[in-house]
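If you're matching positions, the sequence shown starts at 2 in the UniProt record's numbering and goes up one per residue.
Shown next, in structure tokens, is the structure this report addresses.
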Amino acid sequence: IKITELQKFYRTEEVETMALNNLSIHVKEGEFVAVMGPSGCGKSTLLNIVGLLDDLDSGSYLFNGIEVANFNERKRSDLRKHNIGFVFQSFNLIDELTVFENVELPLIYTKVPAAERKKRVEEVLEKVQIMHRRNHFPQQLSGGQQQRVAVARAVVNRPKLILADEPTGNLDSNNGNEVMQLLTELNEAGTTIVMVTHSEHDARYADRIIRMLDGRVLMETVG
Ligand code: ADP
Ligand code: ADP
């Protein structure tokens, strides 16, 4: 990820907010980076742009060496589906689908054949140790179990990049540590991770901490 002089505004009828102000960051392949800073400093906005969920007003964004700043929604979505996995604070599982079906969904979007889907879903459910709950619905699981399912869904397409927005924010410390351990294992296997967190404890799992203030990078420290 190589972002240079990124600017992002939100415009409503009365006000214009500058959410990101000439921000530049560089994340190398295989790195684990934590992004910290007070509420409103632009962390979620940055994560949305890095994840190709939102566009930018000016600046450059090289993803894997490709300039994506001017990509339209269709091209962004294509790149996103194959290369990026998301983990959210509130898990964002679909309540009407089973654990298995939730994790299978990204493979359906990328048109993976059914037999291969079954194999890949079972493989990641084993990895996050939730195979025994494959036919349960999200509401039947604890928060920690739901987040493990969400991590499985994020990695089932074998993305190069995982973006996590406060992945332990709704978990007690035991479950939180389990999820951080899982992210660390994925990073050790080569996946790049960018994680927004308010937790200094969780940030210590990262190689590097980017501290933001008012839409800019304030400083970077070793995690
Ligand atoms: P966090 O502080 O956990 O990063 P926020 O409360 O900033 O989360 O944002 C939650 C959601 O609300 C996001 O989708 C964000 O885009 C949206 N949001 C945040 N601030 C505003 C705002 N001033 N107007 C409209 N939507 C907003
Ligand atoms: P953080 O994630 O660090 O809490 P955000 O990226 O959510 O910060 O927000 C950065 C700034 O942009 C804040 O001033 C917030 O109110 C504003 N903002 C975020 N989303 C929206 C939105 N959809 N519409 C208008 N303003 C927004």
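Cβ coordinates follow ideal geometry from the N, Cα and C atoms, glycine included.
Review point. In three-state terms, what does DSSP make of Y11?
Key: Residue state for Y11 is assigned as strand, using DSSP reduced to three classes.
**Study point:** Bridge partners - M19, DSSP secondary structure assignment
**Key:** DSSP, once it has assigned bridges, lists F10 as partnering M19.
Exercise for review: Pull up the distance between the alpha-carbon of V152 and that of S143, whole angstroms please.
Suggested key: Across the structure, V152 and S143 are spaced so that their CA atoms are roughly 14 angstroms apart.
Check your understanding: If we call anything under 8 angstroms between Cβ atoms a contact, is E167 one with T198?
Key -> Note that the C-beta distance between E167 and T198 is below 8 angstroms.
Practice item. Measure from the alpha carbon of R118 to the alpha carbon of each residue in K128, V129, G177, L106, then state which is nearest. Key: Cα-wise, what sits closest to R118 is L106.
Review point. Which residues does DSSP pair with V218 in a beta bridge?
Key: V218 pairs with M213.
Review point. How would you write the range of the beta strand (DSSP E) that F33 sits in, first residue to last?
Key: Run containing F33: 33–37, per the beta strand (DSSP E) assignment.
Check your understanding: What is the rounded straight-line gap between the Cα of T18 and the Cα of Y11?
Key -> Roughly 5 angstroms separates the two Cα atoms.
Exercise for review: Taking K82 as the reference, give the member of L162, M181, Q146, S40 with the closest Cα.
Suggested key: Measuring C-alpha to C-alpha distances from K82 to each of L162, M181, Q146, S40 identifies L162 as the nearest.
Check your understanding: How do the stretch 115–134 and the stretch 167–178 stand: do at least 3 beta-carbon pairs fall below 8 angstroms, yes or no?
Key -> The stretch 115–134, when compared against the stretch 167–178, does not touch it at the 8 angstroms Cβ threshold.
Review point. What residues in its chain sit with their C-beta under 7 angstroms from that of V104, if we drop five residues either side in the sequence?
Key: Once the five neighbours on either side are set aside, the close Cβ partners of V104 are V122, V125, L126, V150, A153, R154, V157.
Review point. From what residue to what residue does the alpha helix (DSSP H) around D79 run?
Key: 74–84 is the extent of the alpha helix (DSSP H) around D79.
**Study point:** CA-to-CA distance, P160 to A190, given in whole angstroms
**Key:** Cα to Cα, the separation comes out at about 12 angstroms.
**Study point:** Heavy atom of ligand 2 within 7 angstroms of V45 beta-carbon
**Key:** The amino acid at residue 45 is misidentified as Val; the sequence shows Ser. Yes, ligand 2 has a heavy atom inside 7 angstroms of this Cβ.
Point to revise | Own chain, CB closer than 8 angstroms to H137, minus 5 neighbours either side, in chain order | key: Hits under 8 angstroms: T99, V100.
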